[in-house]
Ligand SMILES: Nc1ncnc2c1ncn2[C@@H]1O[C@H](COP(=O)(O)OP(=O)(O)O)[C@@H](O)[C@H]1O
Ligand SMILES: [Mg+2]
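In this note's numbering, the protein residues as written are -13 to 364.
Given below as structure tokens:
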């Protein structure tokens, strides 16, 4: 087996591919044991799913995971929740006639099926009386009741929670979750999602039902030290030799410690039979760009001219500590109001983030793409 399969992944990081995040893990674990609901927020591909799944597996708590990615239809959302709740119910209650009675007692508005000796909580969306928010409330209340009866701690993990904002009647669905979560004592809720929009719209806006319910974990990039150690351990296992500081610094300078890209680049670098030199690392990074080309174009597509102007100037001259300065305004050719609007959008949708040195692009390959394009065009 090749070592890179063990240390680097572009899927969910687990086992040996999981690097560090000790503080975040401790905090999440502590929240779970206290019964404190949590929201984990970070841009896409920063490691939210990996963090939460790692902690859930590590803690051995009973959990259900609901991935709301692109689930815009209320019925689909109900289905996903019912599947996760069914899975947990089956873990708590071994199949028996008595168990059926108990489940019927707790899930009053949900029909119960049996498939291959497993309970199935079924959504009947075709029924005239079907009400998605009531259905969600019934499922979650039922689970809380059953957990209480069995004195069992359960975690429900809603991943990609920002997509709930796209659902019809999103506010009602949020209200249903809120109604149960705010009184639940046995079921702990973890929400994770990308983009500040979610944070602002769902968790920080006083008019939104989930306001104030959660402890927030803002996931930052993994530290240079932790990533260096991780890469070095992989090098020892792969080549029985250490990489020079220069090579590790080059990898992390190219990826700007972005977790996904660090894995993507290392995965290629570690394909080399011999210890790689700087030129090999740069060649691998070029390959990463080629592979991501279409995705970057798709990501840039929704941006209007002003946003593209700002992103381009940030890519060329960033990090920008003072974007409102005359120098940067001149650079973009925009009026102050338009510039601020563009930055707000780019921040809200995770194109930009604020590092210690100033505003810069979240995606290091997007930055490379823009720089190359600008050089070719000029
Ligand atoms: N703790 C970690 N250690 C090492 N790599 C990680 C870690 N967390 C995330 N990654 C890398 O980042 C990528 C995205 O992780 P993921 O958990 O899917 O992010 P998100 O849920 O924020 O989109 C993974 O495929 C992996 O390459
Ligand atoms: Mg994820």
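Idealized CB from N, CA, C, for every residue including glycine.
Check                                                                                                                                                                           : Outcome
Take residue 237 and list the residues in its own chain whose beta-carbon comes closer than 8 angstroms to its own, dropping the five residues that flank it on each side.      : 217, 248, 251, 252, 255 and 267
Kindly give me the distance between the Cβ atoms of residue 4 and residue 32, rounded to whole angstroms, as I take these residues to be in contact under 8 angstroms.          : That belief does not hold up - the Cβ atoms of residue 4 and residue 32 are roughly 14 angstroms apart, past 8 angstroms.
Could you check whether the Cβ of residue 210 sits closer than 7 angstroms to any heavy atom belonging to ligand 1?                                                             : no
Measuring CA to CA, which of 38, 307 and 112 is closest to residue 339?                                                                                                         : 307
Along the alpha helix (DSSP H) that carries residue 234, what are the first and last residues, could you check?                                                                 : 231 to 241
Skipping 5 residues on each side, what residues in its chain have a beta carbon closer than 8 angstroms to that of residue 343?                                                 : 305 and 307
Which value, in whole angstroms, describes the spacing of the CA atoms of residue 331 and residue 10?                                                                           : 28 angstroms
Does the beta-carbon distance from residue 121 to residue 64 come in below 8 angstroms?                                                                                         : yes
Beta strand (DSSP E) containing residue 24: first to last residue?                                                                                                              : 24 to 27
For residue 369, name the three-state secondary structure that DSSP assigns.                                                                                                    : This structure cannot speak to residue 369, because the chain is shown only from -13 to 364.
Tell me whether residue 279 counts as near ligand 1, meaning its Cβ is closer than 7 angstroms to at least one heavy atom of that ligand.                                       : no
Buried or exposed: where does residue 279 fall if 16 or more other Cβ atoms within 10 Å of its Cβ makes it buried?                                                              : exposed
Of all residues in the structure, which have a C-beta closer than 6 angstroms to any heavy atom of ligand 2, taken in chain order?                                              : 34, 35 and 145
Following the continuous alpha helix (DSSP H) through residue 156, name the residue where it begins and the one where it ends.                                                  : 156 to 167
For the 8 angstroms Cβ check, are there 3 or more pairs between the segment 214 to 233 and the segment 41 to 51?                                                                : no
So, for residue 179: in the same chain, excluding its five sequence neighbours on each side, which residues have a beta-carbon less than 7 angstroms away from its beta-carbon? : 27, 146, 147 and 148
May I ask whether a heavy atom of ligand 1 can be found less than 7 angstroms away from the beta carbon of residue 4?                                                           : yes
Regarding residue -1 and ligand 1, is the C-beta to nearest heavy atom distance less than 7 angstroms?                                                                          : yes
Taking the alpha helix (DSSP H) that residue 318 belongs to, which residues open and close that run?                                                                            : 312 to 318
For residue 140 and residue 125, I'd like the C-alpha separation in whole angstroms.                                                                                            : 14 angstroms
Do you know offhand how far residue 61's Cα is from residue 159's?                                                                                                              : 11 angstroms
From which residue to which residue does the alpha helix (DSSP H) around residue 84 run?                                                                                        : 83 to 92
Assuming residue 325 contacts residue 309 (C-beta within less than 8 angstroms), just tell me the rounded distance between them.                                                : 7 angstroms
Between which two residues does the alpha helix (DSSP H) harbouring residue -3 extend?                                                                                          : Run containing residue -3: none; DSSP gives neither H nor E here.
Quickly, what does DSSP pair residue 48 with across the bridge? List them, please.                                                                                              : 140
Helix or strand or just coil, what does DSSP make of residue 79?                                                                                                                : coil
Would you call the segment 17 to 25 in contact with the segment 170 to 190, where contact means no fewer than 3 C-beta pairs closer than 8 angstroms?                           : yes
If you compare alpha carbons, which of 108, 50 and 17 is closest to residue 142?                                                                                                : 50
Please identify the residue among 100, 203 and 69 whose C-alpha is closest to the C-alpha of residue 29.                                                                        : 203
Report the CB separation of residue 275 from residue 351 in whole angstroms; it is logged as a contact under 8 angstroms.                                                       : 5 angstroms
Is residue 249 near ligand 1, judged by its Cβ being under 7 angstroms from some heavy atom?                                                                                    : yes
Just verifying my parser: in three-state terms, what is the DSSP assignment at residue 72?                                                                                      : helix
Starting from residue 369, follow the beta strand (DSSP E) in both directions and report where the run begins and ends.                                                         : Since the first residue shown for the chain is -13 and the last is 364, residue 369 is missing from the structure and cannot be characterised.
In whole angstroms, what is the alpha-carbon distance linking residue -11 and residue 233?                                                                                      : At residue -11 the pLDDT is 42, less than 50, meaning the model places this residue with poor confidence; the figure from the coordinates comes in the next sentence. Cα to Cα, the separation comes out at about 18 angstroms.
Take residue 118 as the anchor and find which of 161, 285 and 286 has the nearest alpha-carbon.                                                                                 : 161
When the Cα atoms are used, what is the spatial distance from residue 284 to residue 183?                                                                                       : 20 angstroms
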